[in-house]
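First the structure, in the form of structure tokens, and then the observations on it.
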Amino acid sequence: MLKPYAGFISGVITQKTYWTEQLFSIRVAGKFNSYIAGQFVKLALHDEQGELIRRAYSIVNHPKEFASSGELEFLIIANPTGQLSPRLRQLQMGDEILVSDSAAGFMTLDEIPPDSNELWLLSTGTAIGPYLAMLEQPGIEHRFNTIVLVNATRTQAEQSYPEKIQELKTKFGERFTYVPIISRESVRGALSGRIPMLLENGVLFQAATSPPNPTSCFFYLCGNPAMVKESSESLKKLGFRKHLRRQPGQFSSENYW
Ligand SMILES: Cc1cc2nc3c(=O)[nH]c(=O)nc-3n(C[C@H](O)[C@H](O)[C@H](O)COP(=O)(O)OP(=O)(O)OC[C@H]3O[C@@H](n4cnc5c(N)ncnc54)[C@H](O)[C@@H]3O)c2cc1C
Ligand SMILES: NC(=O)c1ccc[n+]([C@@H]2O[C@H](COP(=O)([O-])OP(=O)(O)OC[C@H]3O[C@@H](n4cnc5c(N)ncnc54)[C@H](OP(=O)(O)O)[C@@H]3O)[C@@H](O)[C@H]2O)c1
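Residue numbers for the sequence shown follow full-length UniProt numbering, so the first one is 1 and each next one is one higher.
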């Protein structure tokens, strides 16, 4: 039994899926509180000295699915030199884990200006997770005319959730484009390179079939902080502005470290 800890609720691993040796998804059952699609919670385990190691992880499933299953889903990459993620990778079905009692984060659909009807969701690695939750939002197909989901990974094997992406293609039809970017292998049907360059040279927009409409587009950037920083610069060069509550703009972001 894990020691109870203020601000955390105990959960149990109910499912584990490996996408690669280091990249995996887990589902955790427990009496957790609800959240908004796009938010994250903290997962925590004790180390050998009994200290709690806690880190933020975005929730992949939509709150309505959580309401019926009682489970939270996470997409995690184990950094072999990291403190918590290799421990999460070791967890087996039935093992216990602590989950923070409240979710946090502002990368949600209700933060997007109401007149934006073109949604560009740009991610590296595991940062596709919160977007998958957001894309399950009831009524989202009436909110946006265009949805572009981009996931940049080093390898094809790290392109996670292919079945979910197929479901989204079926659900949204022509309104939805998925753009995989694979940087360290040459793969047919995927772009190569990095998001900032692909924004600046227009290749990402070509792959998404049409360029963003400056008056109605909104970009979220999520994942590797260097990608977020460089892509923000690229978007500024293209004439877009960072979104602030007091001054609406066309892009906003969340860093994973
Ligand atoms: C808001 C938020 C949401 C997050 N959501 C997720 C998530 O859904 N899935 C997930 O795997 N991680 C996510 N992270 C990162 C996570 O919190 C941890 O930092 C990560 O698992 C490494 O923890 P660690 O203790 O193993 O490594 P540490 O000992 O803390 O070492 C951290 C180093 O690992 C690398 N790193 C950290 N996270 C990632 C990542 N996701 N992809 C690539 N490299 C990384 C960086 O080089 C960083 O300097 C999120 C972080 C934030 C702030
Ligand atoms: N993925 C693996 O095979 C692997 C293996 C062992 C350990 N790890 C560790 O696991 C962690 C996660 O790896 P990850 O592959 O999910 O994350 P990552 O290193 O952030 O790579 C994901 C994608 O982001 C791209 N990227 C990196 N820096 C960028 C920048 N400045 N601008 C735009 N795009 C950028 C990468 O392109 P580039 O390929 O061009 O960098 C890659 O396509 C890392 O800490 C890593 O040390 C990963």
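Where is the CB? At the ideal position from N, CA and C, for every residue including glycine.
Report the option in the options whose CA atom is closest to the CA atom of residue i.
| i | options | result |
| --- | --- | --- |
| T14 | F144, L238, I97, R188 | I97 |
| S231 | P80, S252, L244, E21 | S252 |
| V41 | W19, E48, T81, I76 | I76 |
| L191 | T153, P162, W19, S69 | T153 |
| R143 | N117, T124, Y161, K164 | N117 |
| A29 | V12, D95, D47 | V12 |
| R54 | I9, G94, Q92, Y18 | I9 |
Whole angstroms are fine: how far does the CA of residue j sit from the CA of residue i?
| i | j | result |
| --- | --- | --- |
| I181 | G202 | 14 Å |
| R145 | R175 | The amino acid occupying residue 145 in the given sequence is Asn; Arg does not appear at that position. Taking the straight line from one Cα to the other gives about 6 Å. |
| V179 | P4 | 43 Å |
| G193 | S186 | 10 Å |
| N79 | T126 | 12 Å |
| L88 | K16 | 11 Å |
| H62 | D115 | 24 Å |
| Q49 | L109 | 40 Å |
| K64 | R184 | 36 Å |
Going by DSSP, name the residue or residues bridged to residue i.
| i | result |
| --- | --- |
| Y220 | L121, S252 |
| K42 | A56 |
| V148 | W120, T177 |
| Y5 | In DSSP, Y5 forms no bridge with anything. |
| L23 | I77 |
| L235 | Per DSSP, none; premise fails for L235. |
| E96 | V12 |
| L244 | Q247 |
| Y18 | F24 |
| G139 | Partner(s): none; G139 has no beta bridge. |
Check whether the Cβ atoms of residue i and residue j sit closer than 9 Å, and answer yes or no.
| i | j | result |
| --- | --- | --- |
| E254 | C222 | yes |
| L45 | L84 | yes |
| L72 | F24 | no |
| F219 | L235 | yes |
| F172 | I147 | yes |
| G105 | Q39 | yes |
| A208 | Q137 | no |
| P225 | Q250 | no |
| G7 | S102 | yes |
| P214 | P113 | no |
| L119 | L168 | no |
| A56 | S34 | no |
| V228 | G129 | no |
| W19 | S123 | no |
Can you check whether the C-beta of residue i is within less than 9 Å of a C-beta belonging to chain B?
| i | result |
| --- | --- |
| P162 | Any reference to chain B falls outside this structure, which holds one protein chain only. |
Query - Every unbroken alpha helix (DSSP H) inside the stretch 167-200 [4 residues or more] - result: For secondary structure counted as the alpha helix (DSSP H) over 4 or more consecutive residues, the stretch 167-200 holds these complete runs in sequence order: 195-200.
Query raised in the report: At which residue ranges does the stretch 58-93 contain complete beta strand (DSSP E) runs of 3 or more residues, listed in the order of the chain?
Result: 71-77
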